[in-house]
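Q: Numbering (UniProt numbering), first residue to last: 1 to 153.
For every residue, glycine included, the Cβ atom is placed at its ideal position computed from N, Cα and C.
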Ligand SMILES: [Zn+2]
């Protein structure tokens with residue numbers, strides 16, 4: 001699925017979800033913002049994706065792994081943290097925004113897009129990522145499901 005950065009998350013929902021912004025949904029067709037991202041920001045993104053402390057920020061965990069639409073080779077996508085190779089592409093990440101009550105929704109492949117394709121997420125995403133501490137880990141599934149329930153009516 002390809003969605004523009006900072007559009008409201010909609011995916012398979014009936015209505016776009018207010019306060020939930022798409023970031024990093026590359027599709028391989030449309031040009032995306034390219035610029036270098038600081039190593040420290042990439043490390044923080046790796047922490048959000050791979051460290052157990054942030055596991056509750058993950059939701060919609062799937063059994064299969066999505067491949068990269070930019071590489072477009074159907075292959076499995078991996079990244080390395082602390083010398084260990086790990087798979088990407090089987091869940092979404094909910095990152096709390098610095099703006100209270102707002103969130104960014106990204107596929108875990110966002111790390112691969114940043115590391116290998118030079119994709120640069122919006123400034124607000126990076127600022128929010130920098131501000132995230134282990135103690136701030138959120139319960140993504142319940143926050144998301146509550147928002148969807150409230151949005152339905
Ligand atoms: Zn790729």
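On a Cα-Cα basis, can you pick out the residue from 31, 83, 152 and 58 that is closest to residue 104?
A: Here the closest residue by C-alpha is 58.
Q: Quick one: what's got a C-beta closer than 8 Å to residue 98's C-beta in the same chain, skipping five residues either side?
A: For residue 98, where only same-chain residues beyond five positions count, the Cβ hits under 8 Å are 124, 127, 128 and 131.
Q: For ligand 1, any of its heavy atoms closer than 8 Å to the Cβ of residue 37?
A: No, Cβ of residue 37 sits at least 8 Å from all heavy atoms of ligand 1.
Q: Between residue 26 and residue 113, how many whole angstroms is the CB-CB distance? I'm expecting something under 8 Å.
A: Contact holds; Cβ gap of about 5 Å.
Q: Would you identify the three-state DSSP class for residue 19, choosing helix, strand or coil?
A: Residue 19: strand per DSSP, three-state reduction.
Q: I need the DSSP call for residue 130, collapsed to helix, strand or coil.
A: In this structure, residue 130 counts as helix in the three-state DSSP scheme.
Q: Whose C-beta lies closer than 8 Å to the C-beta of residue 48 among residues of the same chain, with five residues either side of it excluded?
A: The residues are 54, 57, 93, 95, 129 and 132.
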